[in-house]
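Under the working numbering, read the sequence shown as residues 413 to 867, first letter to last. Even for Gly, the Cβ is constructed at its ideal location relative to N, Cα and C. Here's the structure we're looking at; comments come further down.
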Amino acid sequence: MKRILKNTIIISIILMMLLGVLAPIFASNRDDFESNPGKYDQLCSSYSESSAQVCREYRAYLLERAQNNQAAKNEISNKLKDIETNLMENLGLIQEFENQITALDANIKTLELEIAQKEQHIQELQVEIQTRETEIAKLEEEIKTYMVQSQMNMRVNGYIEFLMGATDFSDIMRRVVGMNSIRRYNESLIDNFKSQKQALEETKAAVATEIENIELNKSLVVVDKENIVYLQAGVQKIYDELVIQKVNFEMQEAQVQAAIELDQATADAINAIPPTNGLSSPVPTGRKTESVWGYSWGGTHLGVDLSAGYFEPIYAVGNGVVVVTQGGCDTYSSFGCNSGLGNHLSMIFESNGKVYGALIMHMANGSFKVGPGSVVNQGQQVGGVGNSGNSIGSHAHIEIFDLGVGSVSEGVSMWNSTWRTAQFGLGGSDRGQSSRCEYKGSTPCRIDPEAFLGV
Numbered sequence: 413m414k415r416i417l418k419n420t421i422i423i424s425i426i427l428m429m430l431l432g433v434l435a436p437i438f439a440s441n442r443d444d445f446e447s448n449p450g451k452y453d454q455l456c457s458s459y460s461e462s463s464a465q466v467c468r469e470y471r472a473y474l475l476e477r478a479q480n481n482q483a484a485k486n487e488i489s490n491k492l493k494d495i496e497t498n499l500m501e502n503l504g505l506i507q508e509f510e511n512q513i514t515a516l517d518a519n520i521k522t523l524e525l526e527i528a529q530k531e532q533h534i535q536e537l538q539v540e541i542q543t544r545e546t547e548i549a550k551l552e553e554e555i556k557t558y559m560v561q562s563q564m565n566m567r568v569n570g571y572i573e574f575l576m577g578a579t580d581f582s583d584i585m586r587r588v589v590g591m592n593s594i595r596r597y598n599e600s601l602i603d604n605f606k607s608q609k610q611a612l613e614e615t616k617a618a619v620a621t622e623i624e625n626i627e628l629n630k631s632l633v634v635v636d637k638e639n640i641v642y643l644q645a646g647v648q649k650i651y652d653e654l655v656i657q658k659v660n661f662e663m664q665e666a667q668v669q670a671a672i673e674l675d676q677a678t679a680d681a682i683n684a685i686p687p688t689n690g691l692s693s694p695v696p697t698g699r700k701t702e703s704v705w706g707y708s709w710g711g712t713h714l715g716v717d718l719s720a721g722y723f724e725p726i727y728a729v730g731n732g733v734v735v736v737t738q739g740g741c742d743t744y745s746s747f748g749c750n751s752g753l754g755n756h757l758s759m760i761f762e763s764n765g766k767v768y769g770a771l772i773m774h775m776a777n778g779s780f781k782v783g784p785g786s787v788v789n790q791g792q793q794v795g796g797v798g799n800s801g802n803s804i805g806s807h808a809h810i811e812i813f814d815l816g817v818g819s820v821s822e823g824v825s826m827w828n829s830t831w832r833t834a835q836f837g838l839g840g841s842d843r844g845q846s847s848r849c850e851y852k853g854s855t856p857c858r859i860d861p862e863a864f865l866g867v
């Protein structure tokens, strides 16, 4: 009885010690998971027996973190409650939500690519398993055949008879010699057999690990897609409020600008502008968020919006000359500034034998790298992305105009004598879509910047 009691106490102490040690280890792992995700992504990308347990914990941690997104949803809901009364102050939420949507979209693409790669890897491992199983079966058959033949040569009916069935000393010696012969001959065969068996088990374990990783990634994709739906609903709520409150995002008539002073040097530089070979986006890093002719939530929209980070470079669309750079608007919040255009730039350029105008709006304050009369080359930085004027989130609004003239020099002359606004005399979206080339029937007129630039 005393011995049983003593053993019970010892076992209890050992269990308490183990629990005391394991709990902080798991907590420590969790802290390490949060601070070093890259380390564990790399560690758990392939199977290793030594890291199998910690990788199981890491996968459980990732899934728990992804599914525990109610706090984030509550935060979004709380922000949306104030939209009706503080709409103008909360317009930046659209950019915030869209940035999160973009990040989730990118993560989904990464996860889906990993799933495809892992499924391909599993197929390769399955082929390897079949090959190893075939090799193991051959080795097993070879070992059995050789041992049967060896027993027949020694007139031995079974290994048990080795000791129990010997009739005399010479019989024992004959059997010992026979067994040694089998052992020596078959050592390499058996070693190969063991090696193949071990490799087979490791390959099967690797397949199991890849299947676990695939299931985890699929779960993470589901969670990310749910979050995207939630964020998109938030964006739509803000847009709906814009319509309800009839917030005016129309761009008015741009201010009349001073004429470009054409001294001899400037005139010579304009006349020497080389043709532009092809076209390029003025914001290569930009993501299209609103298309031309109409906002997704309603209202006229005469350009294409390319979303990018604050102060991301904006480049000249083609070889040409700048005719307008108008600033003075706060980069982050200046609704109505410069007739809603914010800080903006207009230029005249040539492409494929025709002359066009380009208007870039909502630029960052103080970001202009050029001024009126500056001759620029395609790809030269002219400014930076901002959120000035009637704008939601950092982006560049781009409009393209068919000027209907034969050269950049002629375009500058027409601008000086007739157009003299950043919109080449066509006015803004407050005039609707009447300035589109297919409706106006004469130049200057607006063309589709998405098709023109290929964005």
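Apart from sequence neighbours up to five positions away, the residues of its chain that approach Ser631 with a beta-carbon distance below 6 Å are Leu475, ordered along the chain.
In its chain, beyond the 5 residues on either side, Val735 have a beta carbon closer than 6 Å to the beta carbon of Trp827. Counting the other CB atoms within 10 Å of its CB gives Leu505 a total of 16 or more, which places it among the buried residues. According to the DSSP assignment, Lys451 belongs to the alpha helix (DSSP H) that extends over 449-455.
Comparing alpha-carbon positions, the option among Tyr642, Glu653, Arg544, Glu553 lying closest to Gln610 turns out to be Arg544. Using a Cβ distance threshold of 9 Å, Gly801 and Gly748 count as a contacting pair. The shortest CA-to-CA distance from Glu702 to any of Ser751, Ala808, Gly796, Ser779 is the one to Ala808.
Put simply, the segment 769-787 touches the segment 805-821. At least three CB pairs are less than 8 Å apart. The beta carbons of Val619 and Ile541 sit closer together than 9 Å. Counting C-beta pairs closer than 8 Å gives fewer than three between the segment 666-673 and the segment 692-699, which falls short of the contact rule. A check of alpha carbon separations from Pro856 across Phe864, Ser847, Gln792 identifies Ser847 as the nearest. Using a 10 angstroms sphere on the CB of Ser763, the tally of other CB atoms reaches 16 or more, which defines it as buried. Restricting attention to Glu526, Ala720, Asn731, Arg477, the CA atom closest to the CA of Ser819 is found in Asn731. Distances from the CA of Pro725 to each of Ser821, Gly778, Asn750 were compared; the closest alpha carbon is that of Gly778.
Contact between Pro861 and Gly715 is confirmed by a C-beta separation of about 6 Å, below the 8 Å threshold. Gln644 and Lys637 have their C-alpha atoms roughly 10 Å apart. Sequence-distant Cβ neighbours of Asn604 in its own chain, meaning closer than 8 Å and more than five residues away, are Leu551.
Asn629 is classed as buried because its beta carbon has at least 16 other beta carbons within 10 Å across all chains shown.
The beta carbons of Ile534 and Ile623 sit closer together than 9 Å.
For Ile520, the closest C-alpha among the options Ser841, Thr678, Ile640, Glu446 is that of Ile640.
Taken through DSSP and simplified to helix, strand or coil, Asn828 comes out as helix. A direct Cα-to-Cα measurement between Val824 and Thr678 gives close to 11 Å.
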